[in-house]
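If you read the sequence shown in my numbering, its first letter stands for residue 612, the second for the next number, and so on.
For every residue, glycine included, the Cβ atom is placed at its ideal position computed from N, Cα and C.
Take a look at the structure below.
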Amino acid sequence: MNEGYINVARVESDEDLETAAVAGAAAVQRLIADRNDLRNQLAASRAAQEELRQRFGMLHQHYIELAKRVLAQLRHFDSTLRDAIRDRPEASNDEATMPASMKQFDSSGLPMGPQSPNGVNHSNAALPLEP
Numbered sequence: 612m613n614e615g616y617i618n619v620a621r622v623e624s625d626e627d628l629e630t631a632a633v634a635g636a637a638a639v640q641r642l643i644a645d646r647n648d649l650r651n652q653l654a655a656s657r658a659a660q661e662e663l664r665q666r667f668g669m670l671h672q673h674y675i676e677l678a679k680r681v682l683a684q685l686r687h688f689d690s691t692l693r694d695a696i697r698d699r700p701e702a703s704n705d706e707a708t709m710p711a712s713m714k715q716f717d718s719s720g721l722p723m724g725p726q727s728p729n730g731v732n733h734s735n736a737a738l739p740l741e742p
């Protein structure tokens with residue numbers, strides 16, 4: 612029956628016993644303080660996490676609303692563009708039928724410059740200077 616007490620240190624005096632009891636009480640107090648600190652940190656972490664979740668939710672909802680508005684504007688633009696193309700009279704791509712005075716670009720896509728009524732290109736001509 613005395614086997615369980617073999618590992619217990621022998622106390623020489625009441626003073627040693629009291630010192631060990633005080634040290635044990637101090638250790639328990641430190642453990643309780645650490646536990647309370649960890650609880651406070653956990654509560655703060657949970658509060659911060661909840662705040663982030665709410666902010667993310669609001670931000671997410673804001674971006675959803677913004678995306679809906681942009682999509683609505685794009686659909687309106689597409690509809691307007693389709694209506695304009697549908698209502699436009701057929702344009703001829705044949706440059707030969709276009710009068711020379713209306714041509715603004717040559718066949719390579721370069722600007723032709725100002726033309727006289729007879730179709731002469733004056734792009735190399737000096738511009739008149741104003742006094």
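Practice task
Give me the Cα-Cα distance between Asp625 and Ala638, rounded to the nearest whole angstrom.
Solution key: One alpha carbon belongs to Asp625, the other to Ala638, and they sit about 20 Å apart.
Exercise for the section: Name the one or two DSSP bridge partners that Pro722 has. Expected result: Answer by DSSP bridge pairing, in chain order: Phe716.
Handout entry: Distance, Asp645 Cα to Asn651 Cα
Key = Looking at the backbone, the Cα of Asn651 and that of Asp645 are separated by about 10 Å.
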